[in-house]
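Note that the UniProt record's numbering has the sequence shown beginning at 1, numbered continuously upward.
Even for Gly, the Cβ is constructed at its ideal location relative to N, Cα and C.
Below you'll find the structure, written out as structure tokens, and then a few comments.
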Amino acid sequence: MSFCSFKSSQICECVGENSPLTSLSSELQSIVLTEAGLLPSDITQKFQVCSEHFHRFLNKNKAGCKSKICGIPDIISSHNKDNKIYGGWYGVKADRNVSLEKVKEIHARTGIIVPVGTPICPRCRKTLYCGQSTSCSVAEICANTNCLMNSDNLGDTCSYQYEEQYNLRPHRLNSGYNFAVHASTSSSQETTSYVETESYCNTDSQGTEASVIRIDRLGKFNEFLETCDISPVKCLTESLEKSSERTKRRYLSKANTCITALLNTICPDDSEFIKKSLFGEQENDKNKTTSSLLDAIVSSYMVANTSTLRRQLLSIATNDYSFAEVSASIPGLSHYKFYSAKKHAQNIGLGVPAQTSKIPRSKINDGQLDHFLDFITSNHLIKDLPIGEKTLQLSTGELIQTPNVIRSIAPATIIRQYAQLCEDENIQRLGTSTMYKILTDCSASVRQSMEGLDYYISEGSRAFTDLTETVEQLDLTLDEKKKTLDNLVVAKHYLKTDYK
């Protein structure tokens, strides 16, 4: 007579006809075994399964595979229900399902068997597949969750035609943790102790023993806190010194609450006296030192003459004091001044004066200046007058008498002609604004008619008008006449611009 090998799983009563597990496909075998907390082996080839257990395991696995939330047990996952950054109470979104090969890999690392097809998130996949080993003993897992598993919890042991008996993994606990317990026991042995095997981890490791001891202490300490109506303490995974300011404040507040509860247990109603006796002397010395330092900084700050010096002094206080503490001693201190001093301390140093770099203006090149002066004093631009002088004052205060001159063209035309000259001769010229300033300082009169009419321009225009009328009277073809008139226009433009 054959018996169902999964009777002890407590998922349901054995109903229906039993059939060999080997009659199923390899995929269905892996689903049934991993749902029961086992891995395929030579021993499992001899298992029998009833129709009720088979359908229950299959439906449970199908429902788990459809979930979009990571199904990795919290005890080995990279997130937990209290950490809302990585999922919170709604869980973390999964993007893949665990295959049988990955089930074996997770079991080799942690000693826990997850069902085939369990949804897994990227963080858990990175940690369990290719991250550092997170293996731990079953005893450590149980101690961390205060889980005591005895023979009553595991149910009746399965019995079949072979003389070996197996305790299969129980149904998922209400606490949210999923354990895989697969150990060979005898019917006469008690199963109230934790189950540890070499296939799960190396219990001879000093790190594992230290972890077990630490978790055991933490569990007992949380039991003490529970009796005091205080929420349990969670163990930090990294140094508190490297944690964020919010985490530091939370754990310091928790430590103060725990110390107060311990002192109230030892000496009821005298916890404050004991804390003041233990820590008050050190705090008073520290407060005296910090108070004297702040007073010295404030005194120097109030008599400082420049804002730069005040920023240097304030940068010393920003390292040890908050804005509220400093603003209470310095009236009118703004957030901008405080955090500017804090930035000064980070970038330059505490109280270190800022190095000011002078950026002098570039001087005019003497060669370029001489070239431009030669151009604007050339004979085709200015004409000397027989009478009158002008006084030129230098930046040194020296006065130079210069003869009175007259320019034949406007400053804008001079600068445009000079720019064209430099471009043709490939000479680097002065800036346009600089040349205008030089022309303003080297002022000159503009040529004007003595009779109130600019006869230079009027006579020049009349000459070209006469030439145009003469061409019109000549016996020329239309093309020749047009070409001659165009040349006259070009010549007139040249005399007005480039010639001057």
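In the three-state DSSP reduction, R429 falls in the coil class, being neither helix nor strand. Under DSSP, T402 shares a beta bridge with K390. Within 10 angstroms of the beta-carbon of Q428 lie fewer than 16 other beta-carbons, which makes it exposed. With fewer than 16 other CB atoms across the displayed protein chains lying within 10 angstroms of its CB, I213 is exposed. S19: member of the beta strand (DSSP E) spanning N18 to P20, first to last residue. Per DSSP, the unbroken alpha helix (DSSP H) holding Q368 starts and ends at D366 to I376. Under the criterion of beta carbons closer than 8 Å, C258 and V298 do not qualify as touching, at roughly 37 Å. Between L313 and G349, the CB-CB gap reaches or exceeds 8 Å. When C-alpha distances from D216 are compared across C235, C4, T227 and C228, the shortest belongs to C235. With respect to the 8 Å criterion, N59 and P115 are not classified as neighbours on the basis of their beta carbons. In the assembly as shown, V490 is an exposed residue. Its beta-carbon has fewer than 16 other beta-carbons within 10 Å.
Contact between N319 and A296 does not hold, since their C-beta atoms are separated by about 14 Å, which reaches or exceeds 8 Å. For P119, the secondary structure class from DSSP, reduced to helix, strand or coil, is strand. Annotation: H335 to F323 spans about 8 Å, alpha carbon to alpha carbon.
Here the C-alpha atom of T432 lies approximately 11 Å from the C-alpha atom of P411. Looking at the backbone, the Cα of D475 and that of D486 are separated by about 17 Å. Per DSSP, C442 lies in no beta strand (DSSP E) segment and is marked neither H nor E. For Q48, no alpha helix (DSSP H) segment is defined; the enclosing uninterrupted segment is the beta strand (DSSP E) at Q48 to C50. Around the beta-carbon of A255, fewer than 16 other beta-carbon atoms lie within 10 Å, marking it exposed. The alpha carbon of L392 has as its nearest neighbour, out of P403, I382 and K383, the alpha carbon of P403.
Around S67, the same chain offers A94 and P119 as residues with beta carbons nearer than 8 Å, after the five sequence neighbours per side are excluded. At a Cβ-Cβ threshold of 8 Å, R310 and A304 count as neighbours. Rounded to whole angstroms, the gap between the alpha carbons of E272 and S244 is 28 Å. Taking the C-beta atoms as reference points, L467 is found no nearer than 8 Å to L495. For Y418 and F375, the gap between their C-alpha atoms comes out near 7 Å. S30 places its beta carbon less than 8 Å from that of P40. Comparing alpha carbon positions, the residue from T247, K492 and Q420 closest to S461 is K492.
For I259, the enclosing alpha helix (DSSP H) covers residues E245 to I266. The beta carbon of F47 lies closer than 6 Å to those of S5 and L21 in the same chain, with the five residues before and after it left out.
No residue range can be given for N305, since it is assigned to no alpha helix (DSSP H) and is classified by DSSP as neither H nor E. Between G111 and V98, the CB-CB gap reaches or exceeds 8 Å. The distance from the Cβ of T127 to that of S78 is about 5 Å, consistent with a contact at the 8 Å cut-off. By the Cβ neighbour-count rule, C70 is buried, with 16 or more other Cβ atoms within 10 Å of its own. For the 8 Å CB-CB criterion, L240 and Y251 form a contact.
The criterion of a C-beta distance shorter than 8 Å is satisfied by M435 and I415. Between I330 and Y301 a beta carbon distance of about 6 Å is seen, short of the 8 Å cut, so the two are scored as contacting.
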